[in-house]
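In what follows, a structure is listed as structure tokens, so that the remarks can point back to it.
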Amino acid sequence: MTVRPSWNDDEIEAVRDLAAAYFTKEVGPNAEKHVAQGHPDRALYRRAGELGLLGMSLPEAYGGGGGSFAHEAALIEEQARAGDTTMGFAVDVGIVAHYVNAYATEDQKQRWLPKICSGEWVASIAMTEPGTGSDLQAITTRAVKDASTGSGQAEYVINGSKTFISNGHLCSLLIIAAKTGEEAGAAGISLIVAEVDDETPGFQRGRILDKMGQKGQDTAELFFDDLRVPTANLLGPEEGKGFYQMMEQLPQERLITGLIAQAAIEAAVEMTVTYTKDRQAFGKPLFALQNTRFELAECETISRVNRAFLDQCIVKHIDGKLDATEASMAKYWISDRATEVADRCLQLFGGYGYMNEYPIAHIYADVRVLRILAGANEVMKELIARSL
Ligand SMILES: Cc1cc2nc3c(=O)[nH]c(=O)nc-3n(C[C@H](O)[C@H](O)[C@H](O)COP(=O)(O)OP(=O)(O)OC[C@H]3O[C@@H](n4cnc5c(N)ncnc54)[C@H](O)[C@@H]3O)c2cc1C
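All you need for the working numbering is the position in the sequence shown, starting with 1, plus 140.
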């Protein structure tokens, strides 16, 4: 009983069909390989680019599709419905490309965005450090200006380390949050774009981290040891704006997290209804037991109530009116409900629910992190409380 969202139209339905075919026919058969190697195949980013699935809400002048957030939302939902957590599109085109589009110069947009939209480059954003995640103002990665370089252009020399970076193993474009000033807290933080590959001096990719879920998605450590980046790659007109840029962009990241959580809830309920109608116990389907019926009735109600709020947030975001408070509500509420619903549905599968060959086991493990990343849910509640 998936209810199609109100912001759907024929064009969005066409995007859904294209995305669903891509995830089920092209990504799905590679899922085991992605898990084994800890990251998705780079060629599948290029394939998504060829299909026009990347950067659908970015301007056509930069290789995008000229659409709206509805196009991005359709891609993210279809990925979650297909059960794929390996392709890092939510961060790549869902988040990082929008920082570039919002704050880079015209030349930089021309240089970077077409490569992201074609899938030639994978993009990441590195905020979190081993010593700090929620408290972003406490980052210690430093970028120091050095005007005396052989190349003749002023450069930042970046030192520090980052962890939990999505797409960290594959990224070619990396936004680094670093301290550029002595000012305490938010005022000293800037965002700097580094073009990186495995041979870039001063840049080292660390381990692909072994996670409890989302195992085919590369979440990695990154190290900067005198990494040199042109000062022209500072995002925005002046230093010290990084924290405010992150605060401006985080609502989209939080809405995307809510979307992923909601798609997981809808998939979990649907597959559990199907399973319990088929599985027999005590001479009748599990679905005939009152507990099963009540559990699924409650889960479906949670799903539809979430969906109504989420769709309202999406429509507001398409109109540029979604504020940080409502984005935080969507992120915290729906991701909390996703872990609850995944747990309740898994229970109805009995022992099979605990087996990795059953998709409900993956949903259970995959959604857990949604309460932590993009700002822990406790931080979301702090943000909401500030608006009261
Ligand atoms: C799979 C995955 C992918 C990620 N991708 C990225 C990425 O691409 N880029 C990136 O920069 N980061 C990424 N992260 C990092 C993520 O954003 C952080 O893990 C998150 O912000 C929490 O930071 P922390 O892990 O350091 O936890 P901490 O800051 O140590 O917090 C631990 C816990 O303390 C509690 N807490 C924290 N602050 C408060 C508060 N103010 N009030 C009440 N309770 C609080 C919460 O329960 C929180 O979960 C990713 C993380 C994971 C697991």
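Just so it is clear, CB atoms sit at the ideal spot from N, CA and C, and this is done for glycine as well.
Are the beta-carbon atoms of residue i and residue j separated by less than 9 Å?
| i | j | result |
| --- | --- | --- |
| L276 | T397 | no |
| I256 | G195 | yes |
| I400 | V507 | yes |
| E435 | L488 | yes |
| L191 | V262 | no |
| G486 | I503 | Looking at the sequence itself, residue 486 is Leu, so the reference to Gly does not match. Yes, Cβ-Cβ distance for L486 and I503 is below 9 Å. |
| I348 | H179 | yes |
| A407 | G223 | yes |
| G321 | F383 | no |
| F427 | V413 | yes |
| F465 | I524 | It is Thr, not Phe, that sits at residue 465 in the sequence shown. In this structure, I524 lies closer than 9 Å to T465 by Cβ. |
| I332 | V369 | yes |
| S146 | V455 | yes |
| D366 | I298 | yes |
| E200 | A159 | no |
| L198 | G206 | yes |
| E260 | R186 | yes |
| T225 | Q357 | yes |
| G308 | A242 | no |
| H211 | Q392 | no |
| K521 | S468 | yes |
| S264 | T281 | no |
Can we count residue i as close to ligand 1, meaning its CB is less than 8 Å from some heavy atom?
| i | result |
| --- | --- |
| E518 | yes |
| M387 | no |
| T272 | yes |
| I265 | yes |
| Q354 | yes |
| A525 | no |
| D366 | no |
| L513 | yes |
| T268 | yes |
| E306 | The sequence shown places Ser at residue 306, rather than the Glu named in the question. Flag set: Cβ of S306 near ligand 1. |
| T226 | no |
| T359 | yes |
| V333 | no |
| A478 | no |
| D275 | yes |
| A404 | no |
| V409 | no |
| V445 | no |
| A326 | no |
| A317 | yes |
| K302 | yes |
| V231 | yes |
| K351 | yes |
| V509 | yes |
| E550 | Outside the modelled stretch of the chain, which goes from 141 to 528, sits residue 550, for which no answer is possible. |
Over what stretch of residues does the beta strand (DSSP E) that includes residue i continue unbroken?
| i | result |
| --- | --- |
| K302 | E295 to S306 |
| I279 | Per DSSP, I279 belongs to no beta strand (DSSP E) and is neither H nor E. |
| A360 | T359 to P370 |
Looking at the unbroken alpha helix (DSSP H) that takes in residue i, where does it start and where does it end?
| i | result |
| --- | --- |
| A210 | F209 to R221 |
| Q344 | Taken as a continuous stretch (DSSP letters only), Q344 belongs to no alpha helix (DSSP H), being part of the beta strand (DSSP E) at F343 to I348. |
| I522 | Inspection of the sequence shows that residue 522 is occupied by Glu rather than by Ile. Its alpha helix (DSSP H) spans residues N517 to R526. |
| I458 | Q430 to I458 |
| L194 | Neither: L194 is in no alpha helix (DSSP H) and is coded neither H nor E. |
| S475 | A464 to L488 |
On the DSSP bridge assignment, give the partners of residue i in chain order.
| i | result |
| --- | --- |
| A318 | S330 |
| T272 | E269 |
| Q389 | Its beta-bridge partners do not exist; DSSP assigns none. |
| R507 | For clarity, residue 507 is Val in the given sequence; the question names Arg instead. V507 pairs with nothing; no bridge assigned. |
| A263 | L313 |
| A514 | DSSP lists no partner for A514. |
| P425 | Q420 |
| L374 | I332 |
| K285 | Y296 |
Closest Cβ-Cβ distance between residue i and chain C: below 9 Å?
| i | result |
| --- | --- |
| A214 | Structure shown: chain C not included; a single protein chain is present. |
Hey, is the stretch 283-300 in contact with the stretch 227-236, meaning 3+ C-beta pairs nearer than 8 Å?
The answer is no - the stretch 227-236 does not touch the stretch 283-300, with fewer than three Cβ pairs under 8 Å.
Using 8 Å as the cut-off, can you tell me whether the stretch 411-427 makes contact with the stretch 345-361, which would need three or more C-beta pairs spanning the two stretches below that distance?
Judged by Cβ distances under 8 Å, the stretch 411-427 makes no contact with the stretch 345-361, as fewer than three pairs qualify.
Kindly confirm or deny that the stretch 471-489 and the stretch 433-447 touch, where touching means at least three C-beta pairs closer than 8 Å.
The count of Cβ pairs closer than 8 Å, one atom from the stretch 471-489 and one from the stretch 433-447, reaches three, so the stretches are in contact.
Would you call the stretch 373-385 in contact with the stretch 337-344, where contact means no fewer than 3 C-beta pairs closer than 8 Å?
Under the three-pair Cβ rule at 8 Å, the stretch 373-385 does not count as touching the stretch 337-344.
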